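*Asks:*
Protein chains: 2
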Amino acid sequence: MKYSSSKENYLKAIFHLQQDDSVVNTNALARQLNTKPASVTDMLKKLKAQKLLQYQPYKGVKLTADGKKVALQIIRKHRLWEYFLVDKLGFGWEEVHEIAEELEHISSRKLIDRLELFLGSPRTDPHGDPIPDSQGKMPVIQQTALLDLPLKKTAAVISVSNQSTAMLDLLKHYHIGIGTKLQVNRRFEFDQTLEIAIANRPVFTISELLASNLFVAYDTTTA
Amino acid sequence: MKYSSSKENYLKAIFHLQQDDSVVNTNALARQLNTKPASVTDMLKKLKAQKLLQYQPYKGVKLTADGKKVALQIIRKHRLWEYFLVDKLGFGWEEVHEIAEELEHISSRKLIDRLELFLGSPRTDPHGDPIPDSQGKMPVIQQTALLDLPLKKTAAVISVSNQSTAMLDLLKHYHIGIGTKLQVNRRFEFDQTLEIAIANRPVFTISELLASNLFVAYDTTTA
DNA sequence: ATTTTTTTTTAGATTTGTCTAAATTTAAAT
DNA sequence: ATTTAAATTTAGACAAATCTAAAAAAAAAT
Ligand SMILES: [Mn+2]
Ligand SMILES: [Mn+2]
Ligand SMILES: [Mn+2]
Ligand SMILES: [Mn+2]
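For the record, the sequence lines run as chains A and B.
Quick note on numbering: the first sequence equals residues 1 to 223 in this note's numbering.
Quick note on numbering: the second sequence equals residues 1 to 223 in this note's numbering.
1. Give me the residue from B:F188, B:V184, B:Q192 and B:A211 with the minimum Cα distance to B:P202.
2. Quick one: is B:I106 near chain A, going by C-beta distance under 8 Å?
3. Check the Cβ of A:F118 against every Cβ in chain B and list those closer than 7 Å, keeping chain order.
4. Taking B:N224 as the reference, which of B:D21, B:A49 and B:Y58 has the closest Cα?
5. Answer with buried or exposed for A:V140, where buried requires no fewer than 16 other C-beta atoms within 10 angstroms of its C-beta.
6. Would you check if the distance between the CB atom of B:L52 and the CB atom of B:D66 is smaller than 8 Å?
7. For A:E8, decide whether its Cβ has a neighbour in chain B, counting only Cβ atoms nearer than 8 Å.
8. Just mark A:F215 as buried or exposed, buried being the case when its beta carbon has 16 or more other beta carbons within 10 Å.
9. Can you tell which of A:M1, A:A217 and A:N34 has the C-alpha that lies nearest to the C-alpha of A:A13?
10. Within 8 Å of any Cβ in chain A, is that where the Cβ of B:L115 sits?
11. Between A:E95 and ligand 4, is there a pair consisting of the residue's CB and a ligand heavy atom that are separated by less than 7 Å?
12. Report the option in B:E189, B:K181 and B:P132 whose CA atom is closest to the CA atom of B:K69.
13. Could you please give the first and the last residue of the uninterrupted beta strand (DSSP E) stretch that includes B:K181?
14. Identify every residue that forms a DSSP beta bridge with B:A199.
15. Using a threshold of 7 Å, is the CB atom of A:H127 nearer than that to any non-hydrogen atom of ligand 6?
16. Counting C-beta neighbours from all protein chains within 10 Å, is the total for A:M1 16 or more, i.e. buried, or is it exposed?
17. Are any of the Cβ atoms in chain A nearer than 8 Å to that of B:I99?
18. Does B:S4 have its Cβ less than 8 Å from a Cβ in chain A?
19. Would the beta-carbon of B:K181 fall within 8 Å of that of B:A199?
20. Indicate whether at least one CB of chain B lies closer than 8 Å to the CB of A:E102.
21. Alpha carbon to alpha carbon, how far is A:A211 from A:S159?
22. Out of A:D148, A:F188 and A:L117, which has the shortest C-alpha to C-alpha gap to A:N213?
23. Is there a Cβ from chain B that is less than 8 Å from the Cβ of A:L111?
24. Is it buried or exposed for A:F84, if we count other Cβ within 10 angstroms and need 16 for buried?
25. Check this for me: beta carbons of A:L63 and A:L29, under 8 Å apart or not?
26. Are A:Q163 and A:A217 closer than 8 Å when you measure CB to CB?
27. Just to confirm my understanding: we take A:L47, look at its own chain, exclude 5 residues before and 5 after, and list those with CB closer than 6 Å. What are they?
28. Any heavy atom of ligand 2 closer than 7 Å to the beta-carbon of A:E98?
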């Protein structure tokens, strides 16, 4: 029931790359983990021997129920620590990911359950991603792409799908974060740029690329 | 400037075994680290190559200034995390050591400095041991062995030199912890047992072995 | 001063996780 | 249907950290 940091990172990466019941390829994994395809193949054999994933040579890989369970515990730890770093220690949301990559491998179950309580059982991490509960159940958060938001409708940013430092830097520049309330004034046809309005601030425009990575929630009750 | 967990554990163990400028032997280190003497020799050669310690075959080992600096940073992290676990997450002081053994290897400097601030810059950990500051300077805490405490003098427990689970269990049983105020009523000559009095509690006796591992502070101003 | 015991080091293996280079399989293009 | 290209796996090597068994050095005992 105890796996190396390396194995935990593989399981987490596979989980993230695995949409629905699709299969994950060796090269994609190697890219995600900053390693070489040959190393991935080696590790897949070991994880298969531990029944954490299904794997047939050349045919890609998929987590078993056991593998998913482990992955979800790592994700739980990662996101709770991120919340701690931002909410309790005052870190910016763009600097916590790296540190959480280390903290997520601390093994004490009791520690993480108490941490959750201490934090007040938050439902999402600082990037808006849902935090699995201690059973590994991850709440599905209803979200709409910012690109699909009707004009002039106020909505709150609830998650960002790309969390690269470059992207988070840009969001910081615009002062956009999880919970920021905004609306789309108009769409410019020429380059698909969006004009954004935030209360008490001058309007500004953002690129389609940025918008495509922002997800929002808004009141859907019929007026 | 970044060392493996294993190397950090070696440096910390040597630091703890090294009184004043004395030399540490291979066997003592092996015992402390739950490893074999042959493994210790291997590692000492690597640490010497990194100039973290002075080592001549058969002649024992001693930390260099650099080695001490690294050891003190690990000790700082260990004790701050222990404080966090007890003070913020509500752990008992006897259950935090193991978890801190893992947390002490998290590398972010910024994390530990912010943690210290968040905790209010405590001067000692839950076991009464002093916490080195970010420069690695460790405050010396004036302490007296409980065995040397004059009879009927009230004193506060400030540290325990043996932190085995067995010992901490026993202290828990007696409801003795850091900060507990007590006095020694009398010493029994036959087995050197001490009779202890704590306000609002029946008196009880403790063994000489236990007493020899307890350190206290008391008012030394002349009456 | 030898002999015996203890401590420490060396020699040679092992495990885990990684890599490069070469071989193999699968997929795409002609 | 071949040929070419891309993806994946194998073969062999390496670094880190550990171990067992044997050799060597130092310390203790006679
Ligand atoms: Mn990680
Ligand atoms: Mn996150
Ligand atoms: Mn440790
Ligand atoms: Mn402690």
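Quick reminder that beta carbons are idealized off the backbone N, C-alpha and C, glycines included.
Just so it is clear, the structure is predicted and the values come from calculations on it, not from any experiment.
*Replies:* This is what the structure gives:
1. B:V184
2. yes
3. K88 and L89
4. Lying outside 1 to 223, the shown extent of chain B, residue 224 of chain B is not represented and no answer is given.
5. exposed
6. yes
7. no
8. buried
9. A:N34
10. yes
11. no
12. B:P132
13. K181 to R187
14. Looking at the DSSP assignment, B:A199 forms no beta bridge with any residue, so it has no partner.
15. The model depicted lacks ligand 6 and carries ligand 1, ligand 2, ligand 3 and ligand 4 instead.
16. exposed
17. yes
18. no
19. yes
20. yes
21. 11 Å
22. A:D148
23. yes
24. buried
25. no
26. no
27. L53
28. no
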